[in-house]
Each structure stands twice: as C-alpha cells, then as structure tokens.
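Numbering (this note's numbering), first residue to last: 906 to 1191.
Here the structure comes first, spelled out in structure tokens, and everything after it is commentary.
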C-alpha cells in the first residue's frame, strides 16, 4: 500500500467523525504544505535539469570540435565519422609532448612514397600484439606476419579466437564454439598491408597524413570500395618498423592492433599459415 492510497483510506474512514475530520484536516494540511514545497522547488529543479542539459550539449560540442581539429579533410560532418574515431583512438597512444604536423603538398607526397617503400620492404615479423577492441577491452597474443598475404594471430586464453590469412583467405576460428568464418583477403583493409606490391598512391584513397613523435600516421581506404572499413597505419620512422594499425568498420567501431616485442629476422614455419579445418556447425551441447 502506498502512502497516497493510505491517505485516501484515512480520509474516507474518518470523515464522518470529529476525530476523523481533525485527522483529515491534518492530512490535507500536510499535503498542501508538501505541494507548496514541491511547487517552490520546481523552478530550481528545472534550472538544474536545464544546466545539466546545457553541460551535456557543451561537452558534446566540445568533443566534436576537438575531433574536427584533425588534419584530415572532413567529407561529411557526422558525430560517428570513422576518421575522427581513428584519430581520437590513435593519437592518444603517441607521446603527449609531440606536436602533430599535418602534411600537404610535396611533404605529403614524400611521406606517402616513403611509407610505401617501407611497407614493401617488410618480409616477415613475429612477436606479440595487444589488441584494443571497440568497447575498450584489450586482449593480447602472439602473431606471425609474412608478406605477401600471410598472417596469424593467436589470442591468449581465455579468448578462443585464432585468425589466419593464407594469402588469399582470412579465416577467423572460434575454438570454443568450433566455428570458422572465412573472408576474401581482398575484401579486408589488411589487404593493403599484406599485398605483394603496395602502392598507396594508386591502390587507396589517402584520407590524411601527419607526423607526430617520430611516427608517420596515415589513414587510407579502398578506392574501389571492395574492402570494408578504413585502415590507419602508424609507422615508427626512427626504428624503421611497423608499429600499429587500426581498422574502423562501417559503423565507426575501431579496433587497434599494436605490435610489441617484434622480431624481423627469425624464420617462420609455413604451417602456421595453413587454413583451419572446415567449419563445423555450432552445437551448444559440445
């Protein structure tokens, strides 16, 4: 029973008696006092709500304005622009004191040519990786990368995932569910890192290039629109090493992969790139 219901029953039960009348008057007096207090407080509550809405809007405008200070050309002003999400996620990983330098003209052309040459010089890398998912969670594991076309990511337990590219097909296996999903490598943004002869000027649309803290940061997407999403590459010019990449899907969700403990000299067993077995239907009982 609520207090309001109880009050109504008190009114109906005692209205015919003196005691009931006095009690009813007392209850009604309390109600009128409470109503007056609520009415008096309403402007304050409304002002507080208005201030909160204003702060929320100001914060949204502020974060949006920060996103649009990037050196990348804005094609469409949307709150979930993939390029802005990539920059927001990636720039924060670089040295805080380093100032970003957006490149244009001859500097931009030279940076694209230099990064193209550096990627084509990569033959094999292996080591560990740290992946940051769109929800902010992280997972690590071991990786093996061999150009052209081959890569293997073994995720640390408890993750059951295994990702392999054999040069033509990318297979994502869930060993817990016993399922394997396959995609043509050509349809993924990683194709532009793994293909035999990379030409960033010809193969992709370069959304933007900048220098920051000894790093070259470049965002690219497929000219032919066969590959979904957008790829951002971070290359360490000082160490002459691929440091990180990020992929934004059509919904603007960003997944970052950072390479750590990378070794470029050791040979790689080719069996690591073998396509996993056939897909099995998921059975929750197994």
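Ideal Cβ placement from N, Cα and C applies to all residues, glycine included.
Within the model, the alpha-carbon separation for residue 1050 versus residue 1029 is close to 5 Å. Straight-line spacing of the CA atoms in residue 1084 and residue 1077 works out to 8 Å. The continuous alpha helix (DSSP H) containing residue 1010 extends over residues 1010–1025. Residue 1061 sits in coil when the DSSP states are folded into three classes, being neither helix nor strand.
When DSSP states are grouped into helix, strand and coil, residue 1055 belongs to the strand group. Residue burial annotation: residue 1012 is exposed, with fewer than 16 other C-beta atoms found within 10 angstroms of its C-beta. Classified as exposed, residue 1106 has fewer than 16 neighbouring CB atoms from the shown chains inside 10 Å of its CB. Rounded to the nearest whole angstrom, the CA to CA distance from residue 1145 to residue 1066 is 30 Å. Here the alpha carbon of residue 1021 sits roughly 6 Å from the alpha carbon of residue 1104.
A straight-line Cα-Cα distance of about 5 Å links residue 1059 and residue 1047. CA-to-CA, the gap between residue 1097 and residue 1063 works out to about 30 Å.
The Cβ-Cβ distance between residue 1128 and residue 1114 does not fall below 8 Å. In the assembly as shown, residue 1094 is a buried residue. Its beta-carbon has 16 or more other beta-carbons within 10 Å. Residue state for residue 1156 is assigned as coil, using DSSP reduced to three classes. Note that the stretch 1024–1043 touches the stretch 1152–1169; at least 3 beta-carbon pairs, one per stretch, sit closer than 8 Å. Closest option to residue 1055, judged by alpha-carbon separation, among 1148, 1152, 1122, 1027: 1027. Using a Cβ distance threshold of 8 Å, residue 1090 and residue 1070 count as a contacting pair. By DSSP's assignment, residue 1122 forms a beta bridge with 1115, 1139.
Taking the Cα of residue 1151 as reference, the smallest distance to any Cα among 1172, 1173, 1167, 1122 is reached at 1122. Between the alpha carbons of residue 1014 and residue 1023 lies a gap of roughly 14 Å. DSSP places residue 1066 inside the beta strand (DSSP E), whose first and last residues are 1066–1071. Residue 1143 counts as exposed, since fewer than 16 other C-beta atoms from the protein chains shown sit within 10 angstroms of its C-beta.
Counting along the chain, residue 1097 sits inside no beta strand (DSSP E); it lies in the alpha helix (DSSP H) bounded by residues 1096–1099.
Rounded to the nearest angstrom, the gap between the Cα atoms of residue 1008 and residue 1116 is 7 Å. Closest in alpha carbon position to residue 1180, among 1035, 1100, 1173, 1075, is 1075.
Closest in C-alpha terms to residue 1017, from the list 1044, 1057, 1124, comes 1124. Pairing residue 1166 with residue 1032 gives a Cβ-Cβ distance under 8 Å.
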